[in-house]
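The opening residue of the sequence shown carries number 290 in our numbering; numbering runs sequentially from there.
No residue lacks a Cβ here, since even glycine has one placed at the ideal position from N, Cα and C.
Since we're looking at a predicted model, the values are computed, not measured.
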Amino acid sequence: MNYKTIEVNIKKSICFIRFCNKKNNNMINHDMIDECLHILKKNDYSNPFHIVVLEGLPKVFCLGADFDEIIKKNHPIESKKLYELWYMLSCGPFISLSNVCSGKVNAGGIGFIAACDIVLANPNAQFSLSELLFNLFPACVLPFLIRRIGFQRSNYMTLMTKPITAKQALEWNLVDAVSNNNDLLLHKHLLRLKYLSKNSIKNYKKYINKLNNILLHSKDNAVSTNHKLFSNSKNLEKISYYINTGYFPWE
290 MNYKTIEVNI
300 KKSICFIRFC
310 NKKNNNMINH
320 DMIDECLHIL
330 KKNDYSNPFH
340 IVVLEGLPKV
350 FCLGADFDEI
360 IKKNHPIESK
370 KLYELWYMLS
380 CGPFISLSNV
390 CSGKVNAGGI
400 GFIAACDIVL
410 ANPNAQFSLS
420 ELLFNLFPAC
430 VLPFLIRRIG
440 FQRSNYMTLM
450 TKPITAKQAL
460 EWNLVDAVSN
470 NNDLLLHKHL
480 LRLKYLSKNS
490 IKNYKKYINK
500 LNNILLHSKD
510 NAVSTNHKLF
520 SNSKNLEKIS
530 YYINTGYFPW
540 E
């Protein structure tokens, strides 16, 4: 498979996935979802990685749904596939790690980091949920975010729609470690993680995800709600207005 939106580099037991769609600021579209699922599902005996590292561009990790694709190309987000992707990052037989450099993480981008086992960040990184500005809300993101940082902090991020700093994200457990040197921070983590056996990781992930199964219980409601939000004609009008004018619905 030729990847359009990601770069993949597998080094022994570690699979590096870099979001690299500069044209649309790493926004989530059909290609990104399909390509990420394709590589994660290749994790078998012929390609036995047990660590997955997600990275973005220097200034942008992921900015959420590709509104341009939704409106102009009439391709609504495939909520079921997107949830499946994040579920694999959370519950798959590998350690998932997001390495956020000095970039922005917004909306669906939060879904990627909330789904990961470990999140590293640069002090200049920013994290936000902007959906309510467009009459939407992060239906698919919230089960993963609530599991990671709790109900009220997820609720606050959703309602306020403004970015939080890496320092705040660290205090809220959205991020696990912060450093000015992301490469060194990542290297230190991988030095320890790479010696864990694939089988022990598989058994551990299976066990720990049974202790907190909000993701399975929430799936149907999250997927159907997300689909309704992105299929609502009034919501699409607001998104279209923003794309065409650069103004929010109330401006």
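Per DSSP, the unbroken alpha helix (DSSP H) holding residue 512 starts and ends at 503-520. Just so you know, the alpha carbons of residue 377 and residue 371 end up roughly 10 Å apart. Residue 410: member of the beta strand (DSSP E) spanning 407-410, first to last residue. Per DSSP, residue 443 is one residue of the alpha helix (DSSP H) stretching across 440-449.
Under the criterion of beta carbons closer than 8 Å, residue 338 and residue 302 qualify as touching, at roughly 5 Å.
Comparing C-alpha distances from residue 531 to each of 356, 294, 290, 319 shows the shortest one belongs to 356. Between residue 465 and residue 389, the C-beta spacing is not below 8 Å. Residue 379 sits in a helix when the DSSP states are folded into three classes. Listed in chain order, the non-local C-beta contacts of residue 419 below 6 Å within the same chain comprise 395, 396, 450, local neighbours out to five positions each way being set aside. At a Cβ-Cβ threshold of 8 Å, residue 379 and residue 512 do not count as neighbours.
The segment 294-354 is shown to contain whole beta strand (DSSP E) runs of 3 or more residues at 295-300, 303-308, 340-344, 349-351, in chain order.
With respect to the 8 Å criterion, residue 480 and residue 405 are not classified as neighbours on the basis of their beta carbons. Judged by DSSP in its simplified three-state form, residue 529 adopts helix. Nearest to residue 461 by C-alpha distance, out of 472, 448, 434, 470, is 434.
Residue 349 and residue 392 have their C-alpha atoms spaced approximately 4 Å apart.
Per the coordinates, the alpha-carbon of residue 425 lies some 43 Å from the alpha-carbon of residue 484.
Sorting 374, 330, 431 by C-alpha distance to the C-alpha of residue 317 places 374 at the top. Here residue 537 carries a coil assignment [DSSP, helix/strand/coil]. Distance from the CA atom of residue 457 to the CA atom of residue 495, rounded to whole angstroms, is 30 Å. Membership of residue 489 in the alpha helix (DSSP H) is indicated by the continuous run 487-500. Pairing residue 307 with residue 295 gives a Cβ-Cβ distance under 8 Å. Here residue 416 has 394, 399, 452, 453, 458, 463 as same chain residues with Cβ atoms under 7 Å from its own Cβ, once five neighbours each way along the sequence are excluded. Distances from the CA of residue 422 to each of 347, 293, 537, 455 were compared; the closest alpha carbon is that of 537. DSSP places residue 433 in the helix class (H, G or I) of the three-state scheme. In this chain, the beta strand (DSSP E) harbouring residue 386 covers 384-389.
With respect to residue 410, residue 467 sits close: the two C-beta atoms are nearer than 8 Å.
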